[in-house]
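Novice:
There are 2 protein chains.
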Amino acid sequence: MDPKDVFRQFCKQNDMRYTPERGLIIDEIYRTHDHFDVDQLFLRIRKRFPGTKLSRASIYRTMPLLINAGLLRESLTQDSRICYEHTLGHSHHDHLKCLKCGKIFEFFTEVIDKEQEALCKKRKFKITSHMHVIYGYCYKCK
Amino acid sequence: MDPKDVFRQFCKQNDMRYTPERGLIIDEIYRTHDHFDVDQLFLRIRKRFPGTKLSRASIYRTMPLLINAGLLRESLTQDSRICYEHTLGHSHHDHLKCLKCGKIFEFFTEVIDKEQEALCKKRKFKITSHMHVIYGYCYKCK
DNA sequence: AATAAAAATGTTTTAGAATTGCAATATTAT
DNA sequence: ATAATATTGCAATTCTAAAACATTTTTATT
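For the protein sequence lines, the chains are A and B, in the order given. Each residue of the first sequence is one higher than the one before, starting from 2 at the first, in my numbering. Each residue of the second sequence is one higher than the one before, starting from 2 at the first, in my numbering.
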């Protein structure tokens, strides 16, 4: 399903407007599978569409909307900036982060996932999301 | 082993001074098992010892020292503030965080720990630390 | 004990990301 | 077309964390 359609739907349901700026933001977010922060996204859009004058403020204001719409989630924070990654068609995963080169690798294991669920069930804790990051050195840097 | 002794040792080894302020900070950190951020710690010390005039700056400067000394680690970030928890006598664990009441629960499972190690071995990734937080609603709030 | 050298402290600034206020603009509904 | 309302961009503000710097405290040496 197209993320922009999802957001159009979401806008209708919440008395919000699907604007060109928001469309632009979603476009750029879904153009790649990379993690990004607000400033990087801003610069990427600038570069691709030198004519537009989309402001950082709009991006800041749009992020929580996209999160609520289920299109985006906060990912692992780098250098004190909040990082995001899109969720549609991007299967669930967690991260390995190299402390030397800064590179981020994704991982997923059934075992951990199942164990998480079992654990929460036992504790009567209703999971909505989670964050799991392993820090260390990648095969190149260690 | 007493955390203050550990830090005294650490100071000796690194040409640093064990000052009353640092002692005060360690005392307060080890008085409870709670997670805390710099401001909370500052206020706690203020309250307990109204006479002292320890500054936030000193606490900010002391945190990395305690981390290097192995007494403290960064824990889960709340509301954009860095949170810490002491490590001595506080066995390794991860966190469940309730999105409603804000309460933090600790958990540990052998299975997840082992799986992490296996996964990193396979990928030739050398682990130094990790962060694993599950968000959701606790048994009281859901 | 007195003094010099070094480290740590508190106060005040600064840096930077994120948020907000507000006037201007764009969109929607009538 | 017009009124009502949401969204935008800019500028100003907030807030945490980190310096700068002069002062105080501690240590080492005599």
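The C-beta atom is built at its ideal place from N, Cα and C for all residues, glycine as well. What you are looking at is a predicted structure, and each value in this text was computed from that prediction instead of being measured.
Which residues in chain A have a C-beta closer than 8 Å to the C-beta of VAL7(B)? List them in chain order.
Specialist: Neighbours of VAL7(B) on chain A: none; closest Cβ ~23 Å, over 8 Å.
Novice: Assuming LEU73(A) and TYR85(A) form a contact by the criterion Cβ under 8 Å, report the distance between their Cβ atoms to the nearest whole angstrom.
Specialist: Correct: roughly 5 Å between the Cβ atoms.
Novice: Which chain A residues sit within Cβ distance under 7 Å of LEU120(B)?
Specialist: Residues of chain A passing the Cβ test: PHE108 and THR110.
Novice: Tell me the rounded alpha-carbon separation between ALA132(A) and ILE135(B).
Specialist: Rather than Ala, the amino acid found at residue 132(A) in this sequence is Met. In a straight line, the C-alpha of MET132(A) is about 6 Å away from that of ILE135(B).
Novice: On a Cα-Cα basis, can you pick out the residue from LYS143(B), LYS123(B) and ILE113(B) that is closest to LYS125(A)?
Specialist: Of LYS143(B), LYS123(B) and ILE113(B), the residue nearest in Cα terms is LYS143(B).
Novice: Distance cutoff 8 Å, beta carbons only. Does LYS125(B) sit that close to anything in chain A?
Specialist: True, the Cβ-Cβ gap to chain A drops below 8 Å.
Novice: Counting along the chain, where does the beta strand (DSSP E) carrying GLY137(A) start and finish?
Specialist: Start and end: 127-138.
Novice: Quick one: grab the DSSP three-state call for ASP80(A).
Specialist: Three-state result, ASP80(A): coil.
Novice: Residues in its own chain within less than 7 Å of CYS12(B) by CB, not counting five upstream and five downstream?
Specialist: Correct list, in chain order: ARG18 and TYR19.
Novice: How big is the Cα-Cα spacing for LYS141(A) and LEU100(A)?
Specialist: Roughly 12 Å between the two C-alpha positions.
Novice: Would you kindly check if the distance between the Cβ of ASP38(A) and the Cβ of ILE83(A) is under 8 Å?
Specialist: In this structure, ASP38(A) lies closer than 8 Å to ILE83(A) by Cβ.
Novice: Any beta carbon of chain A sitting closer than 8 Å to that of SER130(B)?
Specialist: With 8 Å as the cut-off, SER130(B) counts as an interface residue toward chain A.
Novice: Three or more C-beta pairs closer than 8 Å, one from the segment 95-113 of chain A and one from the segment 43-60 of chain A: is that the case here?
Specialist: With a cut-off of 8 Å, the segment 43-60 of chain A and the segment 95-113 of chain A do not count as touching, because too few Cβ pairs lie within range.
Novice: Looking only at its chain, what residues have a beta carbon closer than 7 Å to the beta carbon of PHE43(B), apart from the 5 residues adjacent to it on each side?
Specialist: The residues are ARG57 and ILE60.
Novice: My guess is that LYS5(B) and ILE27(B) are in contact by the Cβ rule of under 8 Å, so how many angstroms apart are they, rounded?
Specialist: So it is a contact: roughly 5 Å between Cβ atoms.
Novice: Helix, strand or coil for LEU25(B) per DSSP?
Specialist: In this structure, LEU25(B) counts as helix in the three-state DSSP scheme.
Novice: Are GLY137(A) and ILE128(B) close, meaning C-beta to C-beta below 8 Å?
Specialist: Going by C-beta atoms, GLY137(A) is nearer than 8 Å to ILE128(B).
Novice: Does LEU97(B) come within less than 8 Å of chain A when only Cβ atoms are used?
Specialist: Yes - at least one Cβ of chain A is within 8 Å of the one on LEU97(B).
Novice: If the cut is a Cβ gap below 9 Å, which residues of chain B does GLY137(A) touch?
Specialist: CYS121, PHE126, LYS127, ILE128, THR129, SER130 and HIS131, listed in chain order.
Novice: Got a sec: does the ligand SAH put a non-hydrogen atom nearer than 7 Å to the Cβ of LYS141(B)?
Specialist: Of ligands this structure carries none, so the ligand SAH is not represented either.
Novice: Taking all protein chains shown into account, decide if HIS93(A) is buried (16 or more other Cβ within 10 angstroms of its Cβ) or exposed.
Specialist: With fewer than 16 Cβ atoms within 10 Å of its Cβ, HIS93(A) is classed as exposed.
Novice: Give, in chain order, every residue of the segment 31-43 of chain B whose Cβ lies closer than 9 Å to some Cβ of chain A.
Specialist: The residues in question: there are none.
Novice: Relative to chain A, which residues along the segment 44-71 of chain B have a C-beta separation below 8 Å, given in chain order?
Specialist: Flagged: no residues at all.
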